[in-house]
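Trainee:
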Amino acid sequence: MQAGSPVILFDGVCNLCHGLVQFIIQRDPHARFRFASLQSAEGQRLMPGGVNPDPDNPDSVVLIEDGRAYTHSTAILRILRRLGGGWALLAVAGLLPRSLRDAAYRFVARNRYRWFGKQTECWLPTPELKARFL
Numbered sequence: 154m155q156a157g158s159p160v161i162l163f164d165g166v167c168n169l170c171h172g173l174v175q176f177i178i179q180r181d182p183h184a185r186f187r188f189a190s191l192q193s194a195e196g197q198r199l200m201p202g203g204v205n206p207d208p209d210n211p212d213s214v215v216l217i218e219d220g221r222a223y224t225h226s227t228a229i230l231r232i233l234r235r236l237g238g239g240w241a242l243l244a245v246a247g248l249l250p251r252s253l254r255d256a257a258y259r260f261v262a263r264n265r266y267r268w269f270g271k272q273t274e275c276w277l278p279t280p281e282l283k284a285r286f287l
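So for the sequence shown, this note's numbering puts the first residue at 154; every next one is plus one.
1) What's the gap between the Cα of isoleucine 161 and the Cα of isoleucine 217?
2) Should arginine 265 be labelled buried (16 or more other beta-carbon atoms within 10 Å of its own) or exposed?
3) Return helix, strand or coil for phenylalanine 163, following the three-state DSSP convention.
4) Considering only C-alpha positions, which residue in the set Gln197, Gly237, Asp219 is nearest to arginine 180?
5) In whole angstroms, what is the alpha-carbon distance linking valine 166 and arginine 263?
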């Protein structure tokens, strides 16, 4: 993993977010992405101003890339683009107005615990994946 790799901040108790992290890890064989839970000390340190990990706030995934923070649908589309292959094709959704994309994102984010559940504590990576987590 390279210094300056993009970092994905995720809700550490959200089952949907855990699934997203696993999805990315499986499709990122060069380990370009690093990860940190929003609830961790490192996640809080990296958290840009104006982004809040509160469950009522739908910012459940934040991408820190090249010194900038991306939230909502823009974060997801940038992640897909970096995964490459067929996943990058889904980034064509970026042609939709951001207000529509973000409304869909917020709808899922608001309902993520109800639909997918949540854990009582943050997920811990396996020893093999530990180096990818901050």
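Backbone N, C-alpha and C fix where the C-beta goes; we use that ideal spot for every residue, glycine too.
Mentor: Result, derived from the coordinates:
1) Residue mapping note: residue 161 aligns to position 8 of the sequence shown, counting from 1. Residue mapping note: residue 217 aligns to position 64 of the sequence shown, counting from 1. Going from the Cα of isoleucine 161 to the Cα of isoleucine 217 covers about 6 Å.
2) Counted from its first residue, the sequence shown places residue 265 at position 112. Arginine 265 comes out buried.
3) Position 10 of the sequence shown, counting from 1, holds the residue named residue 163. Three-state DSSP puts phenylalanine 163 in a strand.
4) The residue labelled residue 180 in the question sits at position 27 within the sequence shown. For the residues Gln197, Gly237, Asp219, the minimum Cα distance to arginine 180 belongs to Gly237.
5) Along the sequence shown, one-based indexing puts residue 166 at 13. Along the sequence shown, one-based indexing puts residue 263 at 110. Cα-Cα distance, rounded: 14 Å.
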